[in-house]
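Sequential numbering of the sequence shown, starting at 1, is according to the UniProt record's numbering. Have a look at the structure below, then the notes.
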Amino acid sequence: MTLPPGDGNKTITATVAEPALALHQAVDHEIIGRVIDESAWVPDGVNQGLPSAARVYDFLLGGAHNFASDRMVGEKVLAVQPNGRQIAASNRAFMGRAVRYMIGEGITQFLDLGSGIPTVGNVHEVAQKANPGSRVVYVDYDEIAVSHSQLMLAGNDNATVVRGDFCEPGEVLETPEVRRLLDFSQPIGLLMVAVFHFVADERDPAAIVARYRDALAPGSLFALSHLTADHAPEQMAGVVEAMKNSRDPMYFRSYDQIAALFEGFDVVEPGVVSAPLWRPGAGIQEPVEGVYAGVARKGSAGR
């Protein structure tokens, strides 16, 4: 693994130009949080009393596709980590920048694992704005995420959503819809944004990444972000506690553990860094920390 210098385990309080960090501020919450006919996006049999990570994240981003149980957990998260909304927005902003970087590198097909509930700046919107022929496959196991994605993608022949567990690469990679839209003989943009902090060590995150890496063509790009407790251990311990009885308990990792997930890839500049420091743009100044992020390329000769 070629890894440019990152921020290590240093505590970083970054003030960077990042318009999307203020996503929760710039959008009128009364509009985003409007009442939506749940019959259109709530599948039968969904346990609305069991919080899920996708819906709690949707709540933190100001979305409307969540239930009272999710909002209760979200409020607990904000009680122990007041920067919860900014952290969520910084992660979302990183994803957008990573996709735009991939587009600039010639990537026209994307596999977004653990894609969550659609909100502002979805992968297919960014990619197809740049190239209408871009192809995108979303994968998530949350019923609401899949249902809402299906509604959003209706009529879009170059984008689809698959319900599946990204921790089972063999199953995901052989899904007919994945094989129909994505050509694995050509470079792909692989996104694992804010997913592995819901995966226990017992499931071997490194092996999961390696299985996807081995399926990619040389020149493919890989984006990953991961929450950490490095900067605020007590607050983030409270977040773990808030999420422990949800469908998706959390497992934060250190900088070194997160950087190790890029093994076998060549990490591009600026390395694995706090999310707002990854190729920031110009705009609103907002200090935020709590997420490490990076983008890497699969090289040739078996790498």
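Note that the Cβ used here is the ideal one computed from N, Cα and C, for glycine as well.
Buried or exposed, going by whether 16 or more other CB atoms sit within 10 Å of the CB of residue i?
i: Asp-70; result: buried
i: Lys-298; result: buried
i: Pro-132; result: exposed
i: Ser-300; result: exposed
i: Gly-170; result: exposed
i: Ser-185; result: exposed
i: Glu-75; result: exposed
i: Glu-174; result: exposed
i: Asp-183; result: exposed
i: Asn-66; result: buried
i: Glu-289; result: buried
i: Phe-262; result: buried
Who pairs with residue i in a beta bridge, going by DSSP?
i: Val-178; result: For Val-178, which the question treats as bridged, DSSP gives no partner whatsoever.
i: Tyr-292; result: His-226, Ser-274
i: Thr-160; result: Val-137
i: Met-192; result: Leu-224
Under DSSP, the alpha helix (DSSP H) around residue i begins and ends at which residues?
i: Gln-257; result: 255 to 259
i: Ala-98; result: 84 to 104
i: Met-250; result: First-last for Met-250: undefined, no H or E at that position.
i: Asp-183; result: Note, Asp-183: premise wrong, no alpha helix (DSSP H); not H, not E.
Which same chain residues end up closer than 6 Å to residue i when comparing Cβ atoms and leaving out the 5 residues on each side of it in sequence?
i: Asn-158; result: Arg-135
i: Pro-51; result: Ser-69, Asp-70, Val-73, Ser-246
i: Ala-53; result: Phe-198, Asp-248
i: Gly-84; result: Leu-60, Val-77, Leu-78
i: Val-162; result: Val-139, Thr-175, Glu-177
i: Asp-112; result: Val-123, Tyr-138, Leu-191
i: Ala-293; result: Phe-94, Ser-225, Ala-275, Trp-278
Assuming the contact rule is C-beta atoms closer than 8 Å, residue i and residue j should be a hit. Round their C-beta distance to whole Å, please.
i: Ala-296; j: Asp-266; result: 6 Å
i: Ala-194; j: Ser-225; result: 5 Å
i: Gly-189; j: Phe-110; result: 4 Å
i: Ala-260; j: Ala-206; result: 7 Å
i: residue 306; j: Gly-114; result: No answer is possible for residue 306: it lies beyond the span of the chain, which begins at 1 and ends at 303.
i: Glu-177; j: Val-137; result: 6 Å
i: Val-56; j: Gln-235; result: With a Cβ gap of about 16 Å, Val-56 and Gln-235 do not count as contacting.
i: Ala-127; j: Val-99; result: 6 Å
i: Pro-187; j: Ala-217; result: 5 Å
Less than 7 Å between C-beta atoms, sequence neighbours within five positions excluded: which residues of the same chain meet that for residue i?
i: Pro-118; result: His-148, Ser-149, Met-152
i: Arg-203; result: Cys-167
With residue i as the anchor, note down where its beta strand (DSSP E) starts and where it stops.
i: Asp-112; result: 109 to 113
i: Tyr-138; result: 135 to 140
i: Gly-116; result: That residue, Gly-116, is in no beta strand (DSSP E); it is neither H nor E in DSSP.
Short of 8 Å in beta carbon distance, which residues of its chain neighbour residue i, apart from the five on each side in sequence? Order them along the chain.
i: Val-291; result: Ile-87, Ser-90, Asn-91, Phe-94, Ala-194, Ser-225, His-226, Leu-227, Thr-228, Ser-274, Ala-275
i: Arg-279; result: Arg-97, Tyr-101, Pro-270
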